[in-house]
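Each residue of the sequence shown is one higher than the last, beginning at 15 in the working numbering. Where a beta carbon is used, it is the ideal one built from N, C-alpha and C, also for glycine. Since we're looking at a predicted model, the values are computed, not measured. I have placed the structure first, in the form of structure tokens, so that the comments after it can refer back to it.
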Amino acid sequence: MEEEIIAQTKFDQLISDDQSQMLKAFIPYLSPRGQQLLSVFTKTRELSNTLALFRGRQPDMQICSSSVSSPSELLDDLRKFSYGRSRRQLDQISNFLVMMQLIQVMSHSDQEEGDPNDPGMAE
15 MEEEIIAQTK FDQLISDDQS QMLKAFIPYL SPRGQQLLSV FTKTRELSNT LALFRGRQPD
75 MQICSSSVSS PSELLDDLRK FSYGRSRRQL DQISNFLVMM QLIQVMSHSD QEEGDPNDPG
135 MAE
């Protein structure tokens with residue numbers, strides 16, 4: 015049987031498990047008081063795991079420090095966990111970066127061809 019992957023950040027994968035995710039999924043089906051108690055319980059558990067992670071288990075955190083090769087790669091990773099206004103803003107930033115790269119490529123190709131109006135090129 016194939017395992018279904020739940021979208022989580024690398025950090026969340028370190029401090030949470032599938033049991034915590036199931037508890038969170040169960041919250042809407044409880045009474046308001048039950049929702050409150052289970053919400054506090056799951057967040058307290060995550061906080062405890064976070065504190066344990068930073069208390070001497072530093073090699074695990076190096077998993078999170080992946081080297082990002084470009085700003086667009088970082089934006090793509092962030093986009094996976096965003097929606098609505100945040101996602102639209104990330105898309106705008108990404109489109110802006112693509113436009114800037116295009117301008118750089120065009121500028122670079124113009125410089126290689128040589129601008130006949132450039133006084134430095136006239137001999």
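- When DSSP assignments are scanned along the region 40-74, the uninterrupted stretches of alpha helix (DSSP H) that are 4 or more residues long and fall wholly within it turn out to be 46-68.
- Secondary structure of S30 (DSSP, three-state): coil.
- The beta carbon of T23 lies closer than 8 Å to those of F95 in the same chain, with the five residues before and after it left out.
- When the Cα atoms are used, Q50 and L28 turn out to be separated by approximately 24 Å.
- Restricting attention to alpha helix (DSSP H) runs no shorter than 4 residues, the region 79-121 encloses them at 85-93, ordered along the chain.
- If you check the CB distance, S84 and S108 do not come in under 8 Å.
- DSSP, read as helix, strand or coil, puts Q35 in helix.
- Rounded to the nearest angstrom, the Cβ distance from L104 to R93 is 5 Å, consistent with a contact under 8 Å.
- With a cutoff of 8 Å on beta-carbon distance, L37 and L61 are scored as not near each other.
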